[in-house]
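Colleague: Okay, here's the structure, questions in a sec.
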Amino acid sequence: MLTPKQMIDYREHGYGGPFPALSMAEVSRFREELEAFEASQGARLSVLPGQIRAKTHLLLPFMQELIRLKPVLDAVESLIGSNLLVYHLTCWLKEPGDGAFTSWHQDAAYFFLDPPEHVTAWIALSDATQESGCMRVIPGSHRRGAIEHGKGETNNNLLSNGQFVDSGETALTQFLEVPAGHFSLHDTYLVHSSAPNKSSERRIGIGVSYIPTRVRCTHGGPLSATLVRGDDEYRHFRPEPPPLRAYDAEAVATHAEATHNFFSQHGSDRSGAAEPEAQDGE
Ligand SMILES: O=C(O)CCC(=O)C(=O)O
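Structural data, given as structure tokens:
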């Protein structure tokens, strides 16, 4: 659980961390799983069709472990309670020199959640440093509430349509460095972005969007979500069957339906979680 001081800081600044979650042996195991999947596909995840980087826990069994890490769930529970769903998941990959970045945005902009109680845990499978393009945040910007997003640069932007907001006080920008095996947390209204990877290593982060079961999506028909802690007495979301084997036919079908429903209701210009659509025309 977060300490009272960590909770106060999170509420004040809109983000927290880095906090430890995985040993280096566990990081290596998850990296090996990810890279074995890439080898099976003959390409890195960063260049595979973008849909695969979204809700990837429905395709790859090891990601079911990643969304249930006890230190992450305990910290998220401290903020939004003990009945937790994974609403969305995005693999944020930046290869050395590939120029990938994210424009300033809020996750809430196109998530359509009511109430907007959503926390993103960003879990690092490699060191996210200033050099490798870690997240940049504007402390306290979550207190501005929902801000209208414009459409901007799409080239190399990991967000669909290059959506962006005026970041406000850029002088206040903080770099949210997260060492491998650690995670950070951020509020759905926190204004954040990230710059390209200038290091010689891959930058791999998995962004997991947690919501309490009481939250509903106000846009379109029922979506699916994965219960990771507690009970879901509300049933606002359809359950998501976990993959039994990496990328088997059943998992591919479940994932295809879940991502199709998600993106068709959130449009190509939702922000926050990644977006495949910008790069792959989803
Ligand atoms: O990983 C990045 O560079 C951006 C992450 C992000 O925007 C998010 O997790 O909401």
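Going by my numbering, the first residue of the sequence shown is number 1, and it counts up by one from there.
Glycine included, each C-beta is placed from N, C-alpha and C at the ideal position.
On the premise that residue 165 lies in contact with residue 106, defined as a C-beta separation below 8 Å, what is that separation, rounded to the nearest angstrom?
Modeller: Against the sequence shown, residue 106 aligns to sequence position 106. Against the sequence shown, residue 165 aligns to sequence position 165. That belief holds up - the Cβ atoms of residue 106 and residue 165 are roughly 6 Å apart, short of 8 Å.
Colleague: Return yes when the Cβ of residue 201 is within less than 7 Å of the Cβ of residue 224, no when it is not.
Modeller: Here residue 224 refers to the residue found at position 224 when the sequence shown is read from its first residue. Here residue 201 refers to the residue found at position 201 when the sequence shown is read from its first residue. Going by C-beta atoms, residue 224 is not nearer than 7 Å to residue 201.
Colleague: If distances are taken between C-alpha atoms only, which option among 183, 97, 23 comes closest to residue 156?
Modeller: To locate residue 156, count along the sequence shown from 1; it is residue 156. That would be 97, whose Cα lies nearest to the Cα of residue 156.
Colleague: Work out the CA separation of residue 11 and residue 42 for me, nearest whole Å.
Modeller: For the purposes of this step, residue 42 is taken as the residue at position 42 of the sequence shown. For the purposes of this step, residue 11 is taken as the residue at position 11 of the sequence shown. Roughly 43 Å between the two C-alpha positions.
Colleague: Does the beta carbon of residue 194 fall short of 6 Å from some heavy atom of ligand 1?
Modeller: For the purposes of this step, residue 194 is taken as the residue at position 194 of the sequence shown. At least one heavy atom of ligand 1 is nearer than 6 Å to the Cβ of residue 194, so yes.
Colleague: With 16 as the cutoff for other CB atoms within 10 Å, does residue 273 come out buried or exposed?
Modeller: Translated into the one-based positions of the sequence shown, residue 273 becomes position 273. Its pLDDT being 40, under 50, residue 273 is placed unreliably in this model, and the value from its coordinates should be taken loosely. Label assigned to residue 273: buried.
Colleague: Would the C-beta of residue 120 count as close to ligand 1, meaning under 6 Å from any of its heavy atoms?
Modeller: Residue mapping note: residue 120 aligns to position 120 of the sequence shown, counting from 1. Flag set: Cβ of residue 120 near ligand 1.
Colleague: Sorry if obvious, but does the Cβ on residue 3 come closer than 6 Å to a heavy atom of ligand 1?
Modeller: For the purposes of this step, residue 3 is taken as residue 3 along the sequence shown, with counting starting at 1. No, ligand 1 has no heavy atom inside 6 Å of this Cβ.
Colleague: Could you check whether the Cβ of residue 107 sits closer than 6 Å to any heavy atom belonging to ligand 1?
Modeller: For the purposes of this step, residue 107 is taken as the residue at position 107 of the sequence shown. It does: the Cβ of residue 107 is within 6 Å (strictly closer) of some heavy atom of ligand 1.
Colleague: Assuming contact is defined by CB atoms lying nearer than 7 Å, are residue 310 and residue 136 in contact in what I supplied?
Modeller: Residue 310 is absent from the model: the chain starts at 1 and stops at 282.
Colleague: Can you say whether residue 249 is buried or exposed, counting buried as having 16 or more other CB atoms within 10 angstroms of its CB?
Modeller: Reading the sequence shown from its first residue, position 249 is the one you call residue 249. Under this definition residue 249 is an exposed residue.
Colleague: What does DSSP give as the partner residues of residue 54 in its beta bridges?
Modeller: Within the sequence shown, the letter at position 54 stands for residue 54. Note: residue 54 sits in a beta bridge opposite 90.
Colleague: Under 8 Å: do the stretch 138-148 and the stretch 224-234 share three or more Cβ pairs, one atom per stretch?
Modeller: Result no; under three Cβ-Cβ pairs closer than 8 Å.
Colleague: Under 6 Å: does the beta carbon of residue 205 sit that close to some heavy atom of ligand 1?
Modeller: Start at 1 with the first residue of the sequence shown, and residue 205 comes out as number 205. Yes - ligand 1 has a heavy atom lying nearer than 6 Å to the Cβ of residue 205.
Colleague: If you draw a straight line from the alpha carbon of residue 79 to that of residue 7, how long is it in whole angstroms?
Modeller: Locating residue 79 in the sequence shown gives position 79, counting from the first residue. Locating residue 7 in the sequence shown gives position 7, counting from the first residue. Their backbone Cα atoms lie some 7 Å apart in a straight line.
Colleague: Please state the DSSP three-state secondary structure of residue 251.
Modeller: Translated into the one-based positions of the sequence shown, residue 251 becomes position 251. If DSSP states are grouped into helix, strand and coil, residue 251 belongs with the helices.
Colleague: Would you kindly report the start and end of the unbroken beta strand (DSSP E) that includes residue 176?
Modeller: The count along the sequence shown starts at 1 and reaches residue 176 at position 176. Looking at the DSSP string, the run of the beta strand (DSSP E) that includes residue 176 is 174-176.
Colleague: My guess is that residue 204 and residue 125 are in contact by the Cβ rule of under 8 Å, so how many angstroms apart are they, rounded?
Modeller: Translated into positions along the sequence shown, residue 204 becomes position 204. Translated into positions along the sequence shown, residue 125 becomes position 125. With 8 Å as the limit, residue 204 and residue 125 qualify as a contact, their Cβ atoms being about 4 Å apart.
Colleague: Which two residues bound the contiguous beta strand (DSSP E) that contains residue 229?
Modeller: To locate residue 229, count along the sequence shown from 1; it is residue 229. Unbroken beta strand (DSSP E) run through residue 229: 224-229.
Colleague: Measuring from the CB of residue 92, is there a heavy atom of ligand 1 at a distance below 6 Å?
Modeller: Along the sequence shown, read from residue 1 onward, the residue named residue 92 stands at position 92. It does: the Cβ of residue 92 is within 6 Å (strictly closer) of some heavy atom of ligand 1.
Colleague: What residues in its chain sit with their C-beta under 8 Å from that of residue 66, if we drop five residues either side in the sequence?
Modeller: Numbered from its first residue, the sequence shown carries residue 66 at position 66. The residues are 30, 57, 123, 206, 208.
Colleague: Look at the alpha carbon of residue 284 and the alpha carbon of residue 33, and state the distance between them as a whole number of angstroms.
Modeller: What is shown of the chain runs 1 to 282, which leaves residue 284 out entirely.
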